[in-house]
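**Q**
Residue numbers (the numbering used here): 12 to 385.
(1) Based on the DSSP output, what are the partners of residue 223 in its beta bridges?
(2) Within the same chain, show all residues whose beta-carbon is closer than 6 Å to that of residue 325, passing over the 5 residues directly before and after it, in chain order.
(3) For residue 48, write down the residues that DSSP places opposite it in a beta bridge.
(4) From the DSSP secondary-structure annotation, give me the bridge partner or partners of residue 160.
(5) Can you give me the C-alpha to C-alpha distance between residue 380 and residue 127, rounded to a whole angstrom?
(6) Taking all protein chains shown into account, do 16 or more other C-beta atoms lie within 10 angstroms of the C-beta of residue 339, making it buried, or fewer, making it exposed?
(7) What distance in whole Å lies between the Cβ atoms of residue 150 and residue 400, which are believed to be in contact at a cut-off of 8 Å?
(8) Which same chain residues end up closer than 8 Å to residue 250 when comparing Cβ atoms and leaving out the 5 residues on each side of it in sequence?
(9) DSSP three-state call for residue 150: helix, strand or coil?
(10) Suppose the cutoff is 7 Å on Cβ atoms and the five residues either side in sequence are ignored; what does the same chain contact list for residue 182 look like?
(11) If you draw a straight line from the C-alpha of residue 192 to the C-alpha of residue 87, how long is it?
(12) Consult DSSP for residue 298 and reduce its assignment to one of helix, strand or coil.
(13) Rounded to whole angstroms, what's the CA-CA distance from residue 147 to residue 189? Just pull it up for me.
(14) Give a yes or no on whether the C-beta atoms belonging to residue 95 and residue 131 are separated by under 7 Å.
(15) Is residue 280 closer than 7 Å to residue 217 when the C-beta atoms are compared?
(16) Among 155, 30, 206, 366, which residue has its Cα nearest to the Cα of residue 42?
(17) How close, in whole Å, do the beta carbons of residue 53 and residue 222 come, if the pair is a contact with beta carbons under 8 Å?
(18) Decide if the segment 95-110 is in contact with the segment 343-359; the criterion is three or more beta carbon pairs, one per stretch, under 8 Å apart.
(19) Quick check on this structure: which residue in 194, 34, 253, 14 has the alpha carbon closest to the alpha carbon of residue 25?
(20) Please state whether DSSP places residue 184 in a helix, a strand or coil.
(21) Determine which residues share a DSSP beta bridge with residue 4 and list them.
(22) With a 10 Å radius around its C-beta and 16 neighbouring C-beta atoms as the bar for buried, classify residue 91 as buried or exposed.
(23) Compare the beta carbon distance of residue 167 and residue 203 with 7 Å and say whether it is the shorter of the two.
(24) Going by C-alpha to C-alpha distance, which of 154, 268, 112 sits closest to residue 129?
(25) Comparing C-alpha positions only, which one of 59, 164, 306 sits nearest to residue 133?
(26) What residues in its chain sit with their C-beta under 7 Å from that of residue 301, if we drop five residues either side in the sequence?
(27) Among all the DSSP beta bridges, which residues are the ones paired with residue 19?
(28) What is the DSSP secondary structure of residue 28, reduced to helix, strand or coil?
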């Protein structure tokens with residue numbers, strides 16, 4: 012049955028759903044939360060939490076990437092951010108938090124106009140490696156050709172290619188585009204790539220050999236992509252569509268499993284639960300971790316879209332501080348709004364609905380239940 016709706020006589024559109032539009036439903040069985048497993052393994056790397064931290068300067072510094080790694084997640088550092096443009100970006104992070112709204116975008120464009128220094132890429136990644144945690148760094152598709160050798164030589168474990176949207180087939184008459192399939196085939200480290208928001212786009216990315224696909228387009232707390240470009244992908248439908256591509260690619264490839272990682276719109280623990288319920292293997296958290304006391308953004312949150320030199324598609328937003336990084340992940344919770352003890356909430360939701368691990372929980376029953384604020 013089609014869920015297409017007539018927008019006008021000449022255009023039809025498919026109804027899509029955000030995490031706020033759905034809810035998971037208990038089954039006939041319940042479990043003890045202590046007996047639920049939320050461990051995650053991608054390629055050779057096993058971690059306690061199905062979590063990547065978003066490569067955003069307000070979320071990850073080398074120190075917070077190390078801290079998150081020791082708490083059981085994987086911190087991804089932005090290799091085109093302030094940490095690879097400046098020897099000491101701490102004063103600049105403080106300045107960004109103090110900028111008045113009317114000049115914030117212009118000043119951030121100036122700060123991020125400084126060149127990326129390859130030696131700093133090496134230095135930051137080696138600092139994380141020396142701590143013994145999984146090392147992950149991110150480049151945009153536009154900068155991957157320029158810096159990937161430096162990244163690999165520094166000893167990265169997971170290579171993330173992250174853009175607002177990433178396709179397996181980029182058409183350009185001006186420059187030779189990144190050939191993802193050839194690039195991933197020649198690389199010795201697993202690659203996570205995205206964002207993608209449709210079945211077809213995700214299937215093509217999976218065929219490049221990617222170990223994981225990031226799902227999302229313009230749905231994060233600091234994005235204004237819907238206002239600037241008119242593009243938006245409601246996350247519940249996007250994750251479910253990409254999970255279907257994973258299933259079909261598993262058959263097509265004879266058993267190769269590609270991880271689906273929800274990236275955007277996962278600001279609270281309920282969103283995390285529903286992302287995995289829709290089929291995600293893991294989540295990439297931005298704003299949720301920017302609320303940590305240790306976060307470099309000091310209660311502010313922004314992504315690379317906020318300082319694009321020609322067309323900013325994001326903004327610096329105030330997310331506040333709700334507790335330590337450990338409290339946000341594991342509690343004890345001090346609020347009833349889903350901003351603390353996020354993975355304790357995931358364990359409890361899985362136990363309440365009767366599932367023992369993340370793979371099982373992807374099969375949980377989901378209903379349409381549009382959220383109406385009080």
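Beta carbons: idealized from backbone N, C-alpha and C, even for Gly.
**A** Looking at the atomic coordinates:
(1) Answer by DSSP bridge pairing, in chain order: 203, 270.
(2) These residues qualify, in order along the chain: 233, 234, 235, 314, 316, 317.
(3) Answer is 368.
(4) DSSP output for residue 160 lists no bridge partner at all.
(5) Each residue's Cα considered, the two are about 46 Å apart.
(6) The residue in question, residue 339, is buried, as its Cβ has 16 or more Cβ neighbours within 10 Å.
(7) Look at the range of the chain in this structure, 12 to 385, and you will see that residue 400 is not part of it.
(8) 226, 271, 273, 286, 289, 290, 291.
(9) Looking at residue 150 - three-state DSSP - the assignment turns out to be strand.
(10) Per-residue confidence for residue 182 stands at a pLDDT of 38, beneath the threshold of 50, marking its modelled position as unreliable; no derived number is given.
(11) The C-alpha of residue 192 lies about 22 Å from the C-alpha of residue 87.
(12) In this structure, residue 298 counts as helix in the three-state DSSP scheme.
(13) Spanning the two alpha carbons is a distance of roughly 20 Å.
(14) Yes; because the gap between Cβ atoms is below 7 Å, this pair is in contact.
(15) The Cβ-Cβ distance between residue 217 and residue 280 does not fall below 7 Å.
(16) It is 366.
(17) Indeed, because the Cβ distance is near 6 Å, the residues count as touching under 8 Å.
(18) With the cut-off at 8 Å, the segment 95-110 and the segment 343-359 do not touch.
(19) Closest option to residue 25, Cα to Cα, is 14.
(20) Caution is warranted here: a pLDDT of 45 is assigned to residue 184, below 50, making its placement in the model unreliable, and the coordinate value is therefore given only provisionally. Residue 184 falls in the coil class under three-state DSSP.
(21) The structure shown does not extend to residue 4, since the chain is modelled only from 12 to 385, so the question has no answer here.
(22) Buried: at least 16 other Cβ atoms inside 10 Å.
(23) No.
(24) Closest in C-alpha terms to residue 129, from the list 154, 268, 112, comes 154.
(25) 164 is the residue among 59, 164, 306 whose C-alpha sits nearest the C-alpha of residue 133.
(26) So the qualifying residues of the chain are 69, 70, 308, 312, 330.
(27) Residue pairing by DSSP puts residue 19 in a beta bridge opposite 22.
(28) If DSSP states are grouped into helix, strand and coil, residue 28 belongs with coil.
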